[in-house]
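2 protein chains.
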Amino acid sequence: MKLITRNTDYALRSICYIARSKNIVTVDELVKQLGVPRPFIRKILQQLNKKRVLDSFKGQGGGFKLRTPPGKIYIIDIMRIFQGQVVLNTCFFKKDVCPNKNRCALRKKLRLIEENALKQLKQITIASLI
Amino acid sequence: MKLITRNTDYALRSICYIARSKNIVTVDELVKQLGVPRPFIRKILQQLNKKRVLDSFKGQGGGFKLRTPPGKIYIIDIMRIFQGQVVLNTCFFKKDVCPNKNRCALRKKLRLIEENALKQLKQITIASLI
DNA sequence: ACAAAAGATACTAATATGGTATCATTATCT
DNA sequence: AGATAATGATACCATATTAGTATCTTTTGT
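Written as structure tokens, this is what we have:
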């Protein structure tokens, strides 16, 4: 069980850094700050731009800045970008083994735990991290 | 984020089935009950035997039974067998980026969430599932 | 025009998960 | 004793996900 993956982590830290910085931030700067492979973080930033978390500027003097204030960026949204639907609750069992999903004691308990985690994740903003 | 993996799920259901059954249970019976690939579930049961959750009997009339009462088997232990340390809280960052892990706001919050989930997982026994 | 930035996209590598195959060992029954 | 029915051990293969690279295009400021 891994709550967040590497690219989510990189993304969050990049966003935090950009949020703290008043100026536009280049990939170069982030590479230096975070020590993350350049092409990898480029891809991450591009995704964040596509998903409208960041705004990007091409050409000399270009780079990235936030598109939304840090208090309105929830880490669950960043997780969703890189990890898809965060809580799956997929049942591995075929219908005839687990005829009634709703009554499966195991699923029920796991779902509760997942819902709790989700609820907490939904409350954390970038602002609360910087 | 996937709370449990397939083999953990299979293991839990096998244990539940064995717990409900008064008699010794063979792989064959479990395959019929759960519709899971035979060699795969064999491996799972072997691991459960090694970890002393189940007891196994070779030869004709052999099979598996519980070694511990269902009220004392916690699903977190089964998860640990198949998924290793359940909550990792690994930080992907090098020391110079994240100089003080304890003060990293992100880690702190994630750890809290993970600890909550863990606490809940630690309370669920097989007995509570059957 | 040129250089410095990001955009797009396709590819490769590593790891984890899910699953098979095969042979050895042990116990029971006749 | 030998056949049979069970698990033990172990090595292997397949697939999916995650992590990371490479390359070429586009935009923009000087």
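For the record, the sequence lines run as chains L and X. When you number the first sequence by the working numbering, it's gap-free, plus one each residue, and the end is 123. When you number the second sequence by the working numbering, it's gap-free, plus one each residue, and the end is 123. The C-beta atom is built at its ideal place from N, Cα and C for all residues, glycine as well.
Item	Value
Any beta carbon from chain X within less than 8 Å of residue 102 of chain L's own beta carbon?	yes
Are the beta-carbon atoms of residue 107 of chain L and residue -4 of chain X separated by less than 8 Å?	yes
On the criterion of 16 or more Cβ atoms from any shown chain inside 10 Å, does residue 1 of chain L qualify as buried, or is it exposed?	buried
For residue 74 of chain X and residue 40 of chain X, I'd like the C-alpha separation in whole angstroms.	8 Å
Roughly how far, in whole angstroms, is the beta-carbon of residue 70 of chain L from the beta-carbon of residue 58 of chain L, given that I think they are within contact range, below 8 Å?	Going by Cβ atoms, the distance from residue 70 of chain L to residue 58 of chain L rounds to 18 Å, so no, they are not a contact pair.
I need the straight-line Cα distance from residue 18 of chain L to residue 111 of chain X, nearest angstrom please.	38 Å
Using a beta-carbon distance below 8 Å, is residue 2 of chain X in contact with chain L?	yes
Along the beta strand (DSSP E) that carries residue 138 of chain L, what are the first and last residues, could you check?	The structure shown does not extend to residue 138 of chain L, since chain L spans only -6 to 123, so no value can be given for it.
Compare the C-alpha of residue 4 of chain L against each of L:101, L:44, L:55 and L:-6 and name the closest.	L:44
So is residue -1 of chain X in contact with chain L if we call contact Cβ pairs under 8 Å?	yes
Quick check on the DSSP output: the alpha helix (DSSP H) that includes residue 75 of chain L runs from which residue to which?	68 to 76
Just the C-alpha distance for residue 76 of chain X and residue 68 of chain X, rounded to the nearest angstrom, thanks.	12 Å
Is there a C-beta anywhere in chain X that falls below 8 Å from the one on residue 90 of chain L?	yes
Between residue 33 of chain L and chain X, is any beta-carbon pair separated by less than 8 Å?	no
Roughly how many angstroms separate the alpha carbons of residue 9 of chain X and residue 119 of chain X, rounded to a whole number?	6 Å
With DSSP collapsed to three states, give me the class of residue 58 of chain L.	strand
Please state whether the Cβ-Cβ distance between residue 98 of chain L and residue 99 of chain X is less than 8 Å.	no
Does the beta-carbon of residue 13 of chain L have 16 or more other beta-carbons within 10 angstroms, so that it is buried, or is it exposed?	exposed
Applying a beta-carbon distance threshold of less than 9 Å, which residues of chain L neighbour residue 28 of chain X?	86, 87, 89 and 90
Going along the region 58 to 80 of chain X in order, which residues come within less than 7 Å of chain L, judged by CB to CB distance?	76, 79 and 80
Which partner residues does residue 18 of chain X have in the DSSP bridge list?	X:57
Residue range of the alpha helix (DSSP H) that residue 32 of chain L falls in?	31 to 43
Within 8 Å (strictly less), CB to CB, does residue 8 of chain X reach chain L?	no
Does residue 5 of chain X come within less than 8 Å of chain L when only Cβ atoms are used?	yes
If you measure between the beta carbons of residue 79 of chain L and residue 66 of chain L, is that distance less than 8 Å?	no
Select from L:51, L:42 and L:-1 the residue whose C-alpha is nearest the C-alpha of residue 30 of chain L.	L:-1
Counting only Cβ pairs nearer than 8 Å, list the residues of chain X close to residue 98 of chain L.	121, 122 and 123
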